[in-house]
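Residue numbers (the working numbering): 1 to 277.
Working notes, beginning with the structure itself.
Next comes the structure, spelled out in structure tokens:
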């Protein structure tokens with residue numbers, strides 16, 4: 001075991017102890033994947049264990065939206081009406097979202113008005129807006145998201161068949177699941193326009209918090225009760241770039257899990273800087 005792997009394992013053991021258990025339902029609570037942009041993998045700790053995706057599902061959705069725009073199949077500058085009524089992926093039954101569970105008041109304030117899909121993709125990413133996400137998914141479609149995952153080489157363990165708060169789909173067994181390796185594969189091949197959106201991310205309390213001030217990072221977080229994730233592309237000034245994914249399914253407060261992810265990011269940064277690449 002490498003020194004980096006051992007340091008990450010010690011951090012993972014500490015947060016598991018904080019939660020009072022090492023697993024939930026027999027599933028390891030912490031997955032970490034570290035790779036470069038040339039196909040190399042430098043650390044993989046339970047990289048193929050499925051976790052509930054939370055808002056990390058917005059990463060391949062963002063890629064799919066921009067890909068369709070480039071193909072001419074979707075106009076990101078087209079205005080759409082902001083609404084809060086969606087059809088379930090399971091049976092088409094209507095459902096709506098709760099604003100109190102969202103971080104993007106600007107999109108909610110636009111209910112009944114028009115906003116461009118480009119604006120909505122920005123809000124679903126940098127603000128992690130849930131209403132914006134479902135509006136984008138409604139136009140993009142789950143099949144286009146699945147195509148992004150397939151083209152990135154993601155495994156069948158990662159599946160993103162439904163929108164946010166689609167309870168009927170969840171009860172029917174259609175749930176959004178991701179693995180650390182699969183998210184890393186997607187982030188490793190994001191095009192420049194998608195990376196530029198991710199670099200404007202406003203939620204910086206996890207992987208970016210473990211990096212020196214001013215370090216370039218493009219990331220997408222995800223969190224709900226007991227779930228805190230981050231996936232990031234880091235570009236050091238004097239070393240090759242790398243992708244780091246940390247997924248946690250552990251019953252601790254969000255700030256504790258975010259602090260753990262920041263600690264993992266810090267030790268990865270130290271190892272990456274200390275090793276010739």
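Where is the CB? At the ideal position from N, CA and C, for every residue including glycine.
Where residue i sits in the DSSP three-state scheme
i           : result
residue 125 : helix
residue 115 : strand
residue 189 : coil
residue 23  : Unreliable positioning characterises residue 23 in this predicted model, as indicated by a pLDDT of 47, which lies under 50. The coordinate reading is nonetheless provided below. Here residue 23 sits in strand by DSSP.
residue 265 : helix
residue 31  : strand
residue 222 : strand
residue 227 : strand
residue 247 : strand
Cβ-based burial, residue i [other Cβ within 10 Å; buried from 16]
i           : result
residue 26  : With a pLDDT of 49 at residue 26, under the threshold of 50, the modelled position of that residue is not reliable, and no figure is offered here.
residue 179 : buried
residue 200 : exposed
residue 70  : exposed
residue 111 : exposed
residue 275 : exposed
residue 210 : buried
residue 129 : buried
residue 6   : exposed
residue 23  : Annotation note: pLDDT 47 at residue 23 (below 50); position unreliable, coordinate value reported separately. It counts as exposed.
Assumed close pair residue i, residue j - CB separation to whole angstroms, cut-off 8 angstroms
i           : j           : result
residue 95  : residue 159 : With 8 angstroms as the limit, residue 95 and residue 159 do not qualify as a contact, their Cβ atoms being about 19 angstroms apart.
residue 101 : residue 127 : Actually they are not in contact, since the Cβ atoms of residue 101 and residue 127 sit about 13 angstroms apart, beyond 8 angstroms.
residue 136 : residue 113 : Wrong, their Cβ atoms sit about 16 angstroms apart, outside the cutoff.
residue 230 : residue 66  : Actually they do not touch by this definition, with Cβ atoms about 21 angstroms apart.
residue 258 : residue 244 : Contact doesn't hold; Cβ gap of about 14 angstroms is too wide.
Residues sharing a beta bridge with residue i, DSSP
i           : result
residue 260 : Paired residue(s): none; residue 260 is not in a bridge.
residue 36  : 242
residue 51  : 178
residue 152 : In the DSSP output, where bridge partners are listed per residue, residue 152 has none listed.
Cutoff 7 angstroms: residue i Cβ touching any chain C Cβ
i           : result
residue 172 : Absence of chain C from the displayed structure is noted, only one protein chain being present.
Could you check whether the stretch 74-89 touches the stretch 137-145, counting it as contact only if at least three pairs of C-beta atoms, one from each stretch, sit closer than 8 angstroms?
yes
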